[in-house]
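> To start, I am sharing the structure in question, which I have written as structure tokens.
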Amino acid sequence: MKYSQPFQWEPGKVIQLSTELEKPSPFYLGYDTHKSFVKTLEEYAFDRLFFFTEPHLLSLYGQELYEELNEKFPCQLEFVPNGEKCKSFGILEEVCENLIAKNASKKSILLAFGGGTVGNIVGLAAGLIYRGIRFVEIPTSMTGQTDSTLSNKQAVNGATGKNHFGLYHSPIFIWADTKYLQTEPPSSRRSGIIEGIKNGFISDATFLDYLEEALNPQVKFSDEALYQLVHKIILSKLEILKKDPSEKGYGIVLEYGHTFGHAIEWLEKGKLSHGESVSFGMKIAAELGKELGLLSQEDVDRHYYLIEDKLGFNNPFPEDLTTQKIMNAMIADNKKTGRELRFILLERIGQCYNPEGDFLVTVDQQVVRKVLDNFIARQRQKTSVNLSDRVA
Ligand SMILES: NC(=O)c1ccc[n+]([C@@H]2O[C@H](COP(=O)([O-])OP(=O)(O)OC[C@H]3O[C@@H](n4cnc5c(N)ncnc54)[C@H](O)[C@@H]3O)[C@@H](O)[C@H]2O)c1
């Protein structure tokens, strides 16, 4: 019911939410709101603003905003590499040393203008410099607006896995303007929405009913429909965060599909996005749930229906990925929780399995292997049927 009603939508209008975390940040949401952003920033005292973005985002939206900010405040423009490439120790060191060389002080503010990767590297740098300076996020991707900024987790990747090095650092505020999403590539938009679908699977089946109505496989939306979608995905995540503001307890359920997903993303080295990897990860996690007698075939089918038919994430499973490679990558990535393989599993749609007070469930490696073998075999079969259909 709470997701079926549309929110009031008015270009230029800004509403204020909160990240609901242990150290909460104001979260401003609207469409076409950059004038109000400048006014909000004026409320803070700072000596310099370091404006971080990617070159192509500056030409799309950042130039006008940067020039406006530069007229009012002492500003410095800084670039980071596009996408996941910027989440490395090398880039982190460059960013931090460069800020020191340019006399960033404890009174400076860093501004992250871009997707989740820009937010993560800038947030981590802000958390490290002088043991923590202020930063602001302007997320420009679906993932940024509905997922990564609703977390104080800032991280870079390590040699053996995603987000191995990081800390918790909260922005002074987040400014999400859904107008920026207009130019986001469809695959990146899908990557953000997939985390919204995940929120439904782990905590609220009624949210999936809304998404089933709202989504289309081309991920094309009017400005208003996109605003509604973003607003509702944000609320679906806030409902989960309210139960675990520290992000260290119940919030672990947000990792549904991520044990497989992170391994797939890591092995594909940039050829698959985070979201697409997680989309495979959730389908495999559903199959694992069924193998363990938790989920029905109908629940598993709902995963495929929402991810493939409604969201349009239906690319073939990467040819080079094998059960052995995925197992090795999951074991290597799992150092933080020990050598066992542990997964978030569903006991039904909208409810995570929590057998002994722990949502991370250890599963026998032989069972995981079997599920992966079957999943990969079915994916290969599907690809060859599609290919022969095309030839015929
Ligand atoms: N801290 C957390 O809890 C958390 C949660 C979710 C994701 N993340 C992290 O976020 C990252 C993924 O974020 P992402 O999907 O935004 O990736 P991203 O930052 O790589 O952006 C995706 C692509 O979209 C482009 N892009 C962004 N905004 C655009 C726009 N308005 N118009 C045109 N192109 C645009 C970017 O240049 C990039 O090529 C991952 O590194 C993931 O680990 C962190």
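Under the working numbering, the first residue of the sequence shown carries the number 21, and numbering increases by one thereafter. By construction, the Cβ of each residue, glycine as well, lies at the ideal position given by its N, Cα and C atoms. If you're wondering where the values come from, they're calculated on a predicted model, not measured in any experiment.
1) Buried or exposed: which applies to K182, given that a residue is buried once 16 or more other Cβ atoms fall within 10 Å of its Cβ?
2) Which of the three DSSP states, helix, strand or coil, is assigned to L255?
3) Pick from A305, F93, I120: whose alpha carbon is nearest that of T60?
4) Taking the runs of the alpha helix (DSSP H) that are 4 residues or longer, which of them lie wholly in the stretch 173-251?
5) On the DSSP letters alone, give me the boundaries of the alpha helix (DSSP H) that I284 sits inside.
6) Within the same chain, show all residues whose beta-carbon is closer than 7 Å to that of K252, passing over the 5 residues directly before and after it, in chain order.
7) Considering Cα atoms alone, identify which of K33, K262, Y324 is closest to D197.
8) Is the stretch 320-329 close to the stretch 391-409, with three or more CB pairs under 8 Å?
9) Residue range of the beta strand (DSSP E) that T382 falls in?
10) Throw me the rounded Cβ distance for the G164 and G136 pair, which I believe falls under 8 Å.
11) Go ahead and label T203 buried or exposed: buried means 16 or more other beta carbons lie within 10 angstroms of its beta carbon, across all protein chains shown.
12) Would you list the one or two residues that DSSP bridges to G50?
13) Of all the options H294, I214, K289, V58, which has the alpha carbon lying nearest to the alpha carbon of K257?
14) Check for me: the alpha helix (DSSP H) holding A305 runs from which residue to which?
15) Of all the beta strand (DSSP E) runs that stay within the bounds of the stretch 96-146, which reach a length of 3 or more residues?
16) Any heavy atom of ligand 1 inside 7 Å of the beta-carbon of Y200?
17) In chain order, which alpha helix (DSSP H) runs of at least 4 residues are fully inside the stretch 55-87?
18) With contact counted as at least three CB pairs below 8 Å, one residue from each stretch, are the stretch 164-174 and the stretch 79-98 in contact?
19) Specify whether the stretch 219-239 and the stretch 99-109 touch according to this definition: at least 3 beta carbon pairs, one from each stretch, less than 8 Å apart.
20) With hydrogens ignored, establish whether the beta-carbon of V298 is closer than 7 Å to any heavy atom of ligand 1.
21) Please list the terminal residues of the continuous beta strand (DSSP E) segment that includes E318.
22) What residue range is occupied by the uninterrupted beta strand (DSSP E) comprising I432?
23) Just the Cα atoms here: how many angstroms apart are K345 and S293?
24) Within 8 Å (strictly less), CB to CB, does G216 reach chain D?
25) Does ligand 1 have a heavy atom nearer than 7 Å to the CB of K289?
26) Using the C-alpha atoms, what's the distance from Q248 back to G313?
27) When you compare the CB positions of E311 and S297, do they come within less than 8 Å of one another, or not?
28) Taking 7 Å as the limit between beta carbons, can you name the residues of its chain near E275, skipping five residues before and five after?
29) Quick one, which of I260, S207, L228, L255 has its alpha-carbon nearest K240's?
30) My understanding is that V156 touches L131, with C-beta atoms under 8 Å, so please give their C-beta distance in whole angstroms.
31) Hey, would you say the C-beta of K323 is under 7 Å away from at least one heavy atom of ligand 1?
By the coordinates alone:
1) buried
2) helix
3) F93
4) 206-223, 225-234
5) 278-288
6) Y23, Y230
7) K33
8) no
9) 380-382
10) 5 Å
11) exposed
12) V34, D197
13) I214
14) 294-311
15) 129-134
16) yes
17) none
18) no
19) no
20) no
21) No beta strand (DSSP E) contains E318, which is instead part of the alpha helix (DSSP H) from 317-324.
22) With the chain represented from 21 up to 412, any question about residue 432 goes unanswered, as that position is not in the structure.
23) 18 Å
24) Chain labels in this structure do not include chain D; a single protein chain is all it has.
25) no
26) 36 Å
27) no
28) I364
29) S207
30) 5 Å
31) Note that residue 323 corresponds to His in the displayed sequence, not to Lys. H323 Cβ: outside cutoff for every heavy atom of ligand 1.
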